[in-house]
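Here is the structure we will look at, set down as structure tokens.
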Amino acid sequence: MDYIHGCDRSEQERLIAQAQFWQSRVLLRQNLLQPGERMLEIGCGVGAVLGILGQHYPGVSFAGIDLQAEQINYARQHLSGLGVECDLRVGDAAHLPWPDQSFDQVYAVWFLEHLDRPERVLEEAYRVLKPGGRIILTETDYATLLVWPSCGDFQALMQALQDLFIQAGGNPYIGRRLAPLLLKAGFTSTSSTPWGFHFFSQPDDRELQDFVAYLDEIFNPLLEQMQTRVQGDRAQLQRGLEHLTRLPSRPEGTASVTIYRATGVKPAAASDSKLQDWMDG
């Protein structure tokens, strides 16, 4: 996995701020965890999402895994400071270090977009879920990130971002693929819901300003990679970013994005179903 954002201190702090931005809008939008359950977050990064869930659901037992040791080290400090206990591991989400049927819920947030083979990760999530357990995926589709007024330079910026994801082995359009991927992995009762967010300029409201600042923290550190890895025109990319950052000062300025929440359930008889499929095949 080529994580295009890196793992330096500024990126770690950005991940914390990102989770806080989406806390009420997405992460806590549905009441999905129950006291006594065990929940695993795959690709947990710095523990930003686990920190929010851990404070909101104190009766849940949490675990997390990430490929980068520096992210897990940061997560340990972050969660300890919040008083959230969590079983954190350094490892590959495609080869989870937990036994079969270990968890009631598996989460992934902004993670599958970075993978070239999400199928293997979903198969592992299926394995460690208890029969009747649920997987919950939260991803976006970068083609849905739109602004008004429209601008060719901003469109070039967005295309360069999408090309960078693809060049790094990820998928910037993963949100629209979640339900088929879950079905392929064996999950049932599958759903995928698009949540649209639209931010616009209005007096005494920082929604658009906050969203633009959030996007700026994503785009700005990636400009060099957009230039060197996917041959973006640096001057045009910079103009596109400037167009974005000026939106809050324009009365007609707006920005929109769609985020997908997909869920699936491991069948209650799942402990035997895949073995039977193999024997029948």
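Following the UniProt record's numbering, the numbering of the sequence shown begins with 1 at its first residue and continues without gaps.
Beta carbons: idealized from backbone N, C-alpha and C, even for Gly.
Proximal residues to residue i (C-beta, below 6 Å), its chain only, five neighbours per side dropped
{"i": "Ile174", "result": "Leu112, Glu113, Glu139"}
{"i": "Leu223", "result": "Leu237"}
{"i": "Leu146", "result": "Ser256"}
{"i": "Gly232", "result": "Ala160, Met226"}
{"i": "Tyr74", "result": "Gln12, Val46"}
Residue i: first and last residue of the uninterrupted alpha helix (DSSP H) it sits in
{"i": "Val84", "result": "It is not in any alpha helix (DSSP H) - Val84 carries neither H nor E in the DSSP assignment."}
{"i": "Met226", "result": "223-230"}
{"i": "Val49", "result": "48-56"}
{"i": "Tyr214", "result": "207-219"}
Residue nearest to residue i in terms of C-alpha spacing, selected from the options
{"i": "His78", "options": "Gly47, Leu88, Phe62, Ala94", "result": "Gly47"}
{"i": "Pro118", "options": "Leu183, Glu70, Arg134", "result": "Leu183"}
{"i": "Leu137", "options": "Arg9, Cys7, Ile259", "result": "Ile259"}
{"i": "Phe200", "options": "Pro194, Thr193, Leu208", "result": "Leu208"}
{"i": "Phe154", "options": "Leu181, Val84, Asp216", "result": "Asp216"}
{"i": "Pro251", "options": "Asp205, Leu32, Asp92", "result": "Asp205"}
{"i": "Lys266", "options": "Phe187, Gly196, Val230, Ser191", "result": "Phe187"}
Same chain only: Cβ atoms within 7 Å of residue i, ignoring 5 sequence neighbours per side
{"i": "Ala268", "result": "Pro131, Gly132"}
{"i": "Glu123", "result": "Ala185"}
{"i": "Pro94", "result": "For clarity, residue 94 is Ala in the given sequence; the question names Pro instead. Closer than 7 Å at Cβ, skipping near neighbours: Arg120, Val121, Glu124."}
Opening and closing residue of the beta strand (DSSP E) in which residue i lies
{"i": "Glu242", "result": "It is not in any beta strand (DSSP E) - Glu242 instead sits in the alpha helix (DSSP H) that spans 234-246."}
{"i": "Gln105", "result": "103-109"}
Close-in-space but distant-in-sequence residues of the same chain around residue i (CB under 8 Å, 5 per side omitted)
{"i": "Pro99", "result": "Val128"}
{"i": "Asp272", "result": "Note that Asp272 scores 44 on pLDDT, short of 50, meaning its location in the model is unreliable and no value can be drawn from it."}
{"i": "Thr193", "result": "Tyr260, Arg261, Ala262"}
Cβ neighbour criterion (16 or more within 10 Å) applied to residue i
{"i": "Gln276", "result": "Because Gln276 carries a pLDDT of 42, less than 50, the predicted location of this residue cannot be relied on, and no value is offered for it."}
{"i": "Ile218", "result": "exposed"}
{"i": "Asp8", "result": "exposed"}
{"i": "Ala108", "result": "buried"}
- [ ] Could you say if the stretch 35-46 and the stretch 93-108 meet the contact criterion of at least three C-beta pairs nearer than 8 Å?
- [x] Yes, since at least three Cβ pairs between the stretch 35-46 and the stretch 93-108 fall closer than 8 Å, the two stretches touch.
TODO: Take every Cβ of the stretch 161-168, pair it with every Cβ of the stretch 246-258, and state whether three or more of those distances are shorter than 8 Å.
DONE: Taking a cut-off of 8 Å for Cβ pairs, the stretch 161-168 and the stretch 246-258 do not touch, as fewer than three such pairs fall below it.
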